[in-house]
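Numbering (full-length UniProt numbering), first residue to last: 1 to 1109. We put the beta carbon where it would ideally sit given N, CA and C, even for glycine.
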């Protein structure tokens, strides 16, 4: 029998149906088994199995619940219980269910579908289907996996109203305000607005209740944010006595005339954690910290900071600063961050938010119309419809659910979003104490890793702390036993994770576990290497040794990103270690997918030359490149579809017969999925496929059928996006490679956590940041480039952005916990010190937990290893011999690989185009690119550095059509002009600035006309003037240079006027100044109110650009 565990009583309490339970169950505690036992207990007392509902978040988890229940019922057929205590309990409960099953004639083993385990998305669809007219969806379709194409269609449809004469003025103003956020470019708004539409079930109700962003609501939410942050900093600082003494010391210095400390006289003690005192907090942080955000040192406290030499208060302050510094750099950083907090919600931002609120509501309406017309829906629409159906008393949906559900179980409760949380509350809204119904919620906040799916771990924590969900009172229970890992692993996790969760101020408190397995295993080892290749070889060697020790051992290799596996895959292949990857190899990149998709695209697009070329090169036909070149020359004016039909080529005979059959048989011609599969089969492309390849092909065919409800492909973009989300199925192996997210819910004997210091994607700064608190929500659009980095609007955005990044960092910690707790016997953690340290990766977490690591290496550029791709071919006996064909004589260019642009340029020259103008244009283009590149460098290059650019310059000129005989002369001219700029006004124009852009694209309305421009160089100088500079590379005549300059300036005057007006609209806080820079003669011409003026010194610039009186 199994040894008793510390939480046996807790497990028994969790099975009592006379009270509802919220259970916190850490990794390895057997929560799924306990949920199965609770479900068995409920099934033993209900009239129908449908009265017990288990909700989870993935189809795989729902299928596992059904499978384990059926297996338990099968085990219950035996009269003898198992030896294991837990298994015996499950057997006893299953025996009771089996008796109930027989009494009620359920026949659950033969009818497993009656076991009511489902996903929350499937439940939403069921609820929406129960009242389709009410939900607004009509007959409810299967939800789209990717509705991005329809989101974009809704956005384009709404913003098209700007050009429609009947558009309401308020609506037009709102659309214009939102369009301005993307610099009047709709393409810059598409991703941000699409992501908002994809998650609209989370914010739509708040948006509807707001009907515009109320300024008071914004002020209240900002105040809550700021007060919370001040409270967090207050908790980090020394005690009240020490803080009070610091203020007293500053007051004493200020009273004696210390410069810069006058604000101390406004304070009696350290201010309260309230936004009303934010200015005082920010001032106090400046007295404690340096400008870089570190604690002041006693030596640095001098008269410049207001600390009078020899003053008693100065001596006291020097002692106190050491007390503050003892609280560490994290406290200093938190204190320093107060300097960027907003002191309120600006009115201008409130107006923009109101416009956004209105546009978002209209977008939801547009999208619903598109869904209705197409008979489509996404998961968000079903979630909204489900909530609407439950909330409307006329529908009767809520009453039917209340009558049906007697016992509700929710797995992975920590991963619920706002909308899902509201759905659960609606489901139990009519429950009352003693009515015989029960609720069972189980989760682990330490394993909440789905923030990208809008999961909010704080919702579970609130339910657990308050012991209540809606009207249902809960009993809060917590498990502590770990049945998965060896004691050494559990102890390592307890020690390191507790330190991390505490040090990083995680919103989730860490709960330690107690190992229930016997001692043994190999424990935890952290392997540090110098390079990425060395790390991969060490990991592969470790895996090989583990397999040699026990060939039956399961090994899971985990990483943050699929891209991190690249060096390890190579190392495993070199050692001949078989592995399988979970979602590693995109299906679209496999030969079987390429061949099948070539059939699809060729049949759908007769003029798609690329698809036809792939089809003709595929194993089913196998034309060589020489044959394709010959056909292209012979049928030069035809598409590849026409060439394939007309060519007298033996290998095309079968294809020609197939194409004729498709055209003559209506059942094939009007049904793309059927025709593509038939063509693929007739060409013999599936005759020699392996089992996994056949399975991959079947998935592609199923996907195509789902996107062709009427036989034709309705949304090609959506289909291609769906194909990109598929991954090939690898044969099973002992070694599995997967991301940490994919490993959730799995366990392995040996876990290798690989690439812990690998680079991560930069943190996003999306178009919109928003925060929802109950019925209120706070909107903050991403600041336009015209806004200073310290305006009230940007402070609000930074506040929400910082909160989102803090949430990401907190989830990274929980992701690390999930990775480490997958191991049963052994955990190896590998990293290399050649990567720059990143606070978000696992290596930084290891360092914070107490591991001694040196992460100071420079980023190593990994060599790209190119290997030829070998496509499978049909057996030789299946391929017909190719007839030799005389290739037509073709004139070859002198350039090794001329581009199409190059040949067009040369054709134009041969036709009589002015060669000198064309050459000058190409040189000017490359000079512009050089100056743009130089502006991005930390220092200006010298002549020797520019000479190293000759190779890329030659390649660029050749691609653009310049013959080889002219390349050296043109490169000399480009380098000469660039050096002339760097030795003249160019060094000032290209100098580093607080704000500068090169090749900036702008567009907007001017005098009822749409104007667009690309500005060569623009920047803000130290007097807050915004310069708009256009480069000119044409040379002046040897005489009358001044007259020529004035003539050129007049020629470009209207163009510069448009540029200046566009820049003035982009940056209204700066005065825009237009200038032309003639590089060949190093002449800087400024557009002034008195005309164009040439400047020779910096003093002249100040005089000519002074504002008019």
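The Cβ neighbour count for residue 380, taken over all protein chains shown within 10 Å, is at least 16; the residue is labelled buried. Contact between the region 446-462 and the region 812-827 is present: three or more C-beta pairs spanning the two stretches fall below 8 Å. For residue 425, the enclosing alpha helix (DSSP H) starts and ends at 418-427. Judged by DSSP in its simplified three-state form, residue 738 adopts strand. Excluding five sequence positions before and after residue 89, the CB atoms of its chain that fall closer than 7 Å to its own CB belong to 37, given in chain order.
Exclusion of the five residues before and after residue 242 leaves 323 as the residues of its chain whose Cβ lies within less than 6 Å of its Cβ.
Here the C-alpha atom of residue 295 lies approximately 45 Å from the C-alpha atom of residue 825. Checking the DSSP bridge columns, you'll see residue 776 partnered with 773. Annotation for residue 524: the continuous beta strand (DSSP E) segment containing it runs 523-529.
Under the three-state reduction of DSSP, residue 226 is assigned to helix.
Taking the CA atoms as reference points, residue 650 sits about 14 Å from residue 658. Here the region 326-341 lies against the region 292-312, with 3 or more beta-carbon pairs under 8 Å apart. Remark: C-beta atoms of residue 1020 and residue 1070 approach each other more closely than 8 Å. Annotated as distal: residue 451 and residue 416, with beta-carbon spacing of 8 Å or more. Judged by DSSP secondary structure, residue 475 falls outside any alpha helix (DSSP H) and instead within the beta strand (DSSP E) spanning 472-478. The DSSP-derived three-state label of residue 557 is strand. Here DSSP, grouped into helix, strand and coil, assigns residue 509 to coil.
Cβ-Cβ separation between residue 829 and residue 527: approximately 7 Å, consistent with a contact (criterion under 8 Å).
For residue 396, no alpha helix (DSSP H) run applies, since DSSP gives it neither H nor E. For the options 62, 181 and 1079, the alpha carbon positioned closest to that of residue 979 is the one of 1079. Here the C-alpha atom of residue 482 lies approximately 21 Å from the C-alpha atom of residue 64. Nearest C-alpha to residue 366 among 1055, 232, 162 and 151: 151. Of the residues assessed, residue 320 falls on the buried side of the cut-off, its CB having 16 or more other CB atoms within 10 angstroms. When Cβ pairs closer than 8 Å are counted between the two stretches, the region 345-361 is seen not to touch the region 306-320, the count staying below three. Excluding five sequence positions before and after residue 692, the CB atoms of its chain that fall closer than 8 Å to its own CB belong to 728, 729, 730 and 731, given in chain order. In the DSSP annotation of this structure, residue 309 is not part of any alpha helix (DSSP H), being labelled neither H nor E.
With contacts defined by Cβ atoms closer than 8 Å, residue 117 and residue 174 do not form a contacting pair. From the listed residues 467, 56 and 125, the smallest Cα separation to residue 376 is found for 125.
Shown here, residue 678 sits in a helix according to DSSP, grouped into three states.
Only exposed fits residue 1014, as fewer than 16 other CB atoms lie within 10 angstroms of its CB.
Residues of the same chain with a CB within less than 7 Å of the CB of residue 643, apart from the 5 flanking positions on each side, are 631 and 635 in chain order. Annotation: residue 798 to residue 1040 spans about 55 Å, alpha carbon to alpha carbon. Rounded to the nearest whole angstrom, the CA to CA distance from residue 105 to residue 95 is 15 Å. Secondary structure remark: continuous beta strand (DSSP E) runs of at least 3 residues inside the region 24-89, in chain order: 52-56. In chain order, 842 and 845 place their CB closer than 6 Å to the CB of residue 816, counting only its own chain and leaving out the 5 sequence neighbours on each side. Under the three-state reduction of DSSP, residue 1079 is assigned to coil, being neither helix nor strand.
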